[in-house]
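Contents: one structure, followed by commentary.
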Amino acid sequence: MPGKPLSWQAASAVQRNNIAKQMAKIFVRQAMLPYPRMGWLNGTKEDGIAIGQFMIPEQLAVSYDHRICDGGFASCPNLQKKKYTDITVEAYLVHLFLLDAIPYVFPLVEESRHFFITHPEYVENKILVDDNFNITAILGWTGAHTAPASLAFICPTMLLGEAAWTEDDHEAFPAPAKVFIKTLNRLLPDEFARAVQLGREGHRFGLCCGAPDLHSPLFIQAFQGLRDSIHIDEGLNWTDWLEFAHETYREDLESEALMDGSETGTMDLS
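Numbered according to the working numbering, the sequence shown spans residues 359 to 628.
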């Protein structure tokens, strides 16, 4: 296959913007192929691509033999409730918050009843380029799935850098992200404009669901950014939020059970 893995650090500002513009055009092509349901791409059938059971990528990373399977799903809220469980007190409080946040991050009334092919991870080693930084191929489609426009057309985190977790103002985005968004808005039909403008919450929600370390700076930034952007428990740092969350969810029976086991910090929820 022609090309070599993209080196984002080695690319000049002009080359980065060129990559961003090309990626936007790839997204536009994907917009031309709507599907009726959300789920994992599962081979082909006579009338097109089969949408099958949804295998959560985070679970595949842990063990290929132990996967969460379900779907396809008709809406984002149905999928997100499948994505995570954990057993520490802190993780369960985050879990409860994320469940409450779903309607604010993924509105029940979607902007479209169509779903679009989405690559699981646009990162450097999955993007091949030639010597002029023209994209020659994108690898890693094994985990491809269909998603609503509000998730399918958000800016890849590679183009955003830390702004994916810290910024809501598009004017503060790096130049490649601005080029990506501007190109999408220019080439996509008007019905997608709102989806292109949204997406920060989706990025942050996804990271919070799959974060292996709740005390990492990246998780703490993303979690606070999520709370601030949907205006729930906003303005609280991690320590203050934990204290607030213990009170907020005190009457929740399952949360009470976890608190009773707080000497060890864990409890079997099965």
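Glycine included, C-beta positions come from ideal geometry on N, C-alpha and C.
Between the stretch 470–489 and the stretch 388–398, do three or more beta carbon pairs fall short of 8 angstroms?
yes
Using the rule of at least 16 other Cβ atoms within 10 Å of the residue's Cβ for burial, across every protein chain shown, is Leu457 buried or exposed?
exposed
According to DSSP, which residues form a beta bridge with Ala495?
Leu486
Which value, in whole angstroms, describes the spacing of the CA atoms of Leu454 and Tyr607?
8 angstroms
In terms of alpha-carbon separation, which member of Gln582, Ile384 and Ala378 lies closest to Glu559?
Gln582
Using CA atoms only, rank isn't needed, just tell me which of Phe491, Glu479 and Val537 is closest to Leu565.
Glu479
Where the beta strand (DSSP E) containing Phe474 begins and where it ends:
Phe474 to Thr476
Can the beta-carbon of Leu509 be found closer than 7 angstroms to that of Pro534?
no
Could you check which residue in Pro363, Ala382, Leu451 and Arg387 has the C-alpha nearest to that of Leu572?
Leu451
Can you give the Cα-Cα distance for Ile578 and Leu399, rounded to whole angstroms?
32 angstroms
Quick check: what's the CA-CA separation for Thr446 versus Asp591?
21 angstroms
According to DSSP, residues forming a beta bridge with Tyr393:
Phe473
Exposure label - Pro514; buried when at least 16 CB within 10 Å:
buried
With a CB to CB cut of under 6 angstroms and the five nearest residues on each side skipped, what residues in its chain are close to Glu529?
none
Counting only the same chain and skipping the five closest in sequence on each side, list residues whose C-beta sits under 8 angstroms from that of Leu584.
Ala459, Val463, Glu559, Arg562, Phe563 and Cys566
Measuring only the C-alpha atoms, how far is Asn492 from Phe602?
49 angstroms
The alpha helix (DSSP H) spanning His561 covers which residue range?
Arg558 to Gly568
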